[in-house]
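Residues in the sequence shown are numbered consecutively from 73, following the working numbering.
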Amino acid sequence: MIKLLALDMDGTLLNEAKEIPQAHIDAIHKAIEKGVKLVLCTGRPLFGVLPYYKKLSLDTDNEYVIVNNGCSTHQTSDWGLVDWRELSKSDIEYLNDLAEKSEVQLTLFDEEHYFVLGGKPNPIVQYDATLVFADLTEISLEEATSGKYRMFQGMFLGTKEQTDDFEQRFAEELCQRFSGVRSQPVIYEAMPLGTTKASALSRLADILNIQPSEIMAMGDANNDIEMLEFAGLGIAMGNASDHVKSLADAVTTSNEEEGVARAIEEYIL
């Protein structure tokens, strides 16, 4: 019996127009009515989730969201933090050093800000900020490491070619110290070592006294893999890569074909 539904957002809950299909909303409501806990699990920061959560129009305030790829977990009753992992001063200095050796730009996130290091934001950063409803805040390395902010994760953004080059040159080294993932063609992300959507989901499941076998997780991208493997039922979207699909227990239709609703209907309702 499924007791918890862990849902990725971009490419899963959201269609390509970055909207939540009504069929997804209806199916989620039916699942919650059956007593299933909803946990949105996303690489987005909290401020990039809140407008979508409001659109779900849920009656319950006793749900959770896992954001920043597992770095922080919030309860929806007051959006307070219930669990988190953060970057240290030396972590940020290390990531900044890698950015200065490459053509990608380093960004950082706390609960309220989308920070940009290294001068004016490049066009990829500017576009990404629009997707999470954020104003960009330029910040110096000194201020970023001052201890004033709780920095959850870093993201390196550039063109596909620039991000390819960054990954080829630095990913192996970076992953000795961080949890690194190429989440999108133009984004490489770095979280505190051992931090993934799955690690955060595991800790939350312990709090809720829910077993992995009672969890259904859905996603489409590389940063969903650990979560799909952790859950008792891991479902890849039809728009996922062949690699992600090969690691899932089942595959639903795409995010353009109401894949979330179809999977909820098949496995929960």
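No residue lacks a Cβ here, since even glycine has one placed at the ideal position from N, Cα and C. Quick caveat, the model's predicted, so the values are computed rather than measured.
Item: Sort V137, E233 and Q94 by Cα distance to K127 and report the nearest one.; Value: Q94
Item: Give the straight-line distance between the Cα atoms of V258 and G304, rounded to the nearest whole angstrom.; Value: 31 angstroms
Item: Exposed or buried, what is C143 when buried is set at 16 or more other beta-carbons lying within 10 Å of its beta-carbon?; Value: buried
Item: What are the boundary residues of the alpha helix (DSSP H) that M299 is part of?; Value: I297 to F302
Item: Ignore the nearest five residues each way along the sequence and tell me which others in P284's own chain have a CB closer than 7 angstroms to its CB.; Value: A277, F302, A303 and G304
Item: Which same chain residues end up closer than 8 angstroms to L341 when comparing Cβ atoms and leaving out the 5 residues on each side of it in sequence?; Value: A99, K102, A103 and K106
Item: Could you tell me which residues DSSP pairs with I211 in its beta bridges?; Value: Per DSSP, none; premise fails for I211.
Item: Throw me the rounded Cβ distance for the F119 and E184 pair, which I believe falls under 8 angstroms.; Value: 7 angstroms
Item: Taking the straight line between their C-alpha atoms, what separation do you get for S344 and D292?; Value: Examination of residue 344 is not possible in this model, given that the chain is present from 73 through 341 alone.
Item: Taking the runs of the beta strand (DSSP E) that are 3 residues or longer, which of them lie wholly in the stretch 149 to 180?; Value: 153 to 156
Item: Which runs of the alpha helix (DSSP H) spanning at least 4 residues fall entirely within the stretch 205 to 275, listed in chain order?; Value: 213 to 216 and 232 to 246
Item: By how many angstroms is the C-alpha of E175 removed from the C-alpha of A243?; Value: 14 angstroms
Item: By DSSP's criteria, M290 is part of a beta bridge. Which residues make up the other side?; Value: L79 and I307
Item: Please state if the CB of G306 and the CB of A333 are separated by a distance shorter than 7 angstroms.; Value: no
Item: Can you name the residues that DSSP bridges to C113?; Value: I138
Item: Using 8 angstroms as the Cβ pair cut-off and three pairs as the minimum, do the stretch 235 to 242 and the stretch 129 to 144 touch?; Value: no
Item: Can you give me the Cβ contacts of I164 inside the same chain, cut-off strictly under 8 angstroms, excluding the 5 residues immediately before and after it?; Value: L180, L213, A216, T217, M223 and G226
Item: If you count every other CB in all the chains shown that lies within 10 Å of the CB of N87, and 16 or more means buried, which is it?; Value: buried
Item: Would you check if the stretch 244 to 254 and the stretch 264 to 277 touch, i.e. whether three or more CB-CB distances between them fall below 8 angstroms?; Value: yes
Item: What separation, rounded to the nearest whole angstrom, lies between the Cα atoms of A308 and L170?; Value: 32 angstroms
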